[in-house]
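Novice: One structure follows; several queries about it will come next.
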Amino acid sequence: MKVSVAVVVYSVIVSTLVGRVVASDVEPFKENTSVIQALSATNRLATNGYKSLPGQFLYHAYMHIRVESELSNQTRGCDGALITSNYILSVTQGCLKVGSMQTIRNGTAILAFKENMWEQRISFSGSAINLHPYESIGLVRLDTPATLNKYVQPIRLPMLTDLRTYEGMEGTTSNEYRSYVRNRVMSNAHCSQERPNFNATDMDICTDRYIGGAFCTTSLGSPLTIEDENGVILIGLAYRIYHCDYNYPTVYARVSSFRDWIHNNSDYKVEHCTC
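Numbering (the numbering used here), first residue to last: 6 to 280.
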């Protein structure tokens, strides 16, 4: 018993000194039912996250998108966040944007994914996709409004008066596999140092895989949220995801940088917007 206590104390001291933890040091969160086995056996940080509970991520949207070209037709899957009953916010890279020789004909947004009788499948057309002219973010207008209930609800965006960088806060990322992970939000300077040949800008927000684990199954568009005294807020959407063995930061489109654009191109009304 004395040896075990000494090992635990030593682990805590080392983690404090270096400012990092490994997967074996991360305590499961109380609401988790179990940890999903990691894909990578070689990386101690690798994790497929924790299993989510029914109704835990009311805003999460999984999309099947039909992409056509002269040579082939294919379907891609990506994630996003429901911001009103009519609109999903996601990313362009690997999701809403295709090459010059390709066309998005239509797609299906799946809300309350795999929640049995509560699951909703809502179609949308390629013409209902609105891409930001310069940055990696876009909107999808659903053909019919989502039915809001205890399993499906839109998520709040940061108010215009919210000028926080969220650095050091705990961020939660969910994906279509009904799992999630929590990582610390990094400063952009730290993010740029950790990822070679990448410079994080004001349009980016990064999470540290050393604080929470390397989420191996995150897909593009996966929502990043934080919680404050007013509830859950969407702060990012994943658009740069690296192989989990590298332990590079995950990079998200910073939602607060696009509040005016979202306000002007959807029926989401940003609080205190001066548009």
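Beta carbons: idealized from backbone N, C-alpha and C, even for Gly.
Because the structure is a prediction, the values reported are computed rather than measured.
Helix, strand or coil for S261? Go by DSSP, reduced to three states.
Specialist: Helix, per DSSP.
Novice: Return helix, strand or coil for N180, following the three-state DSSP convention.
Specialist: In the structure shown, N180 sits in coil (DSSP, three-state: anything other than H, G, I, E or B).
Novice: Rounded to whole angstroms, what's the CA-CA distance from K274 to R49? Just pull it up for me.
Specialist: If you take the alpha carbons of K274 and R49, they lie about 43 Å apart.
Novice: Which residue's Cα is closest to the Cα of G60: I93, N154 and D207?
Specialist: Of the candidates I93, N154 and D207, the one whose C-alpha sits nearest the C-alpha of G60 is N154.
Novice: DSSP state of L239, grouped into three classes?
Specialist: Residue state, collapsed to three classes: strand.
Novice: From this set, R110, R126 and L116, which residue's C-alpha is nearest A133's C-alpha?
Specialist: For the residues R110, R126 and L116, the minimum Cα distance to A133 belongs to R110.
Novice: With DSSP run on the structure shown, which of helix, strand or coil describes C221?
Specialist: Correct three-state label for C221: coil.
Novice: Expressed to the nearest angstrom, what Euclidean distance is found between the alpha-carbon atoms of E172 and R189?
Specialist: Their backbone Cα atoms lie some 8 Å apart in a straight line.
Novice: Would you tell me roughly how many angstroms separate the C-alpha atoms of A86 and L116, rounded to the nearest one?
Specialist: In a straight line, the C-alpha of A86 is about 10 Å away from that of L116.
Novice: Work out the CA separation of D272 and T212 for me, nearest whole Å.
Specialist: Taking the straight line from one Cα to the other gives about 29 Å.
Novice: Using DSSP with H/G/I as helix, E/B as strand and the rest coil, what is M174?
Specialist: Reduced to three states, the DSSP call for M174 is coil.
Novice: Check whether the Cβ atoms of L64 and P228 sit closer than 9 Å, and answer yes or no.
Specialist: At residue 64 the sequence reads Tyr, which differs from the Leu that was named. Cβ distance < 9 Å, so Y64 and P228 count as in contact.
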